[in-house]
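Below is one structure, written out as structure tokens; the observations come after it.
Numbering (our numbering), first residue to last: 309 to 515.
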């Protein structure tokens, strides 16, 4: 089966460069609403069995146009929400951003005990994200859309897709409403199929 991991549309926090991760989170900017409207066109040739969103409202707002066009009810999927910033919440200064990204990088390279200041560890993040996508994979055989968050998608794909290096998420950004396609093989392993329309090979990652 395939999962389309889709980052939410632009938020006010994105514009300000803030670490805005708390529940329920902000809505979308005018640009974010326009990005969400365009998703249905870009995904028009992909049949979807279901549409899931995180617990943060920006994902539901992004998914709404696609869900309405397809006549599919949105389902909330606990576990795929953003990586909580803890004590760094709503900061936009360089030291805070670097601390947040460095902690995530440590998770991706194997230090799962590293803790985000005032928040969770890598082990806790992967546990919840693995469980959520595992649940989706267990009940679907076709393509499913899961609306999530940039940092969460980048670090999870880097660590779980067997055909890209663990540094992949550091080396590649994910735009608002960027689509990442992953596929589960017969052994239950995940492969990265496309990252914003490009295969890993096209991006310079030999399989």
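Yeah, the Cβ is synthetic: ideal placement off N, Cα and C, and Gly gets one too.
- Every beta strand (DSSP E) stretch that sits fully inside the stretch 442-497 and reaches 3 residues is listed by chain position as 451-456, 487-492.
- Fewer than three pairs of CB atoms, one per stretch, sit closer than 8 Å, so the stretch 341-351 makes no contact with the stretch 431-441.
- With distances taken between CA atoms, residue 418 lies nearest to 463 out of 463, 481, 356, 313.
- Excluding the 5 residues flanking it on each side, residue 494 has no same chain C-beta neighbour closer than 7 Å.
- The three-state reading of DSSP puts residue 414 in helix, counting H, G and I together.
- When the beta-carbon positions are compared, residue 467 and residue 416 come within less than 9 Å of each other.
- DSSP places residue 330 in the coil class of the three-state scheme, outside both helix and strand.
- Shown here for residue 396: same chain residues with a beta carbon closer than 7 Å to its own, the five before and five after excluded, namely 327, 404, 407, 408, 425 in chain order.
- Less than 9 Å separates the beta-carbon of residue 311 from that of residue 492.
- In this chain, the beta strand (DSSP E) harbouring residue 384 covers 382-384.
- Burial is judged here by how many other beta carbons sit within 10 angstroms of a residue's own beta carbon; residue 372 has at least 16 and is buried.
- The stretch 342-429 is shown to contain whole beta strand (DSSP E) runs of 3 or more residues at 358-361, 382-384, in chain order.
- For residue 324, the uninterrupted alpha helix (DSSP H) segment begins and ends at 320-324.
- Here residue 315 carries a strand assignment [DSSP, helix/strand/coil].
- In the assembly as shown, residue 480 is a buried residue. Its beta-carbon has 16 or more other beta-carbons within 10 Å.
- Annotated as proximal: residue 383 and residue 361, with beta-carbon spacing under 9 Å.
- Burial state of residue 485 is buried, judged by a 10 Å Cβ sphere holding 16 or more other Cβ atoms.
- From the listed residues 427, 503, 457, 332, the smallest Cα separation to residue 394 is found for 427.
- Comparing alpha carbon positions, the residue from 319, 504, 324, 316 closest to residue 402 is 324.
- Considering only 374, 477, 451, the residue with the shortest C-alpha distance to residue 459 is 477.
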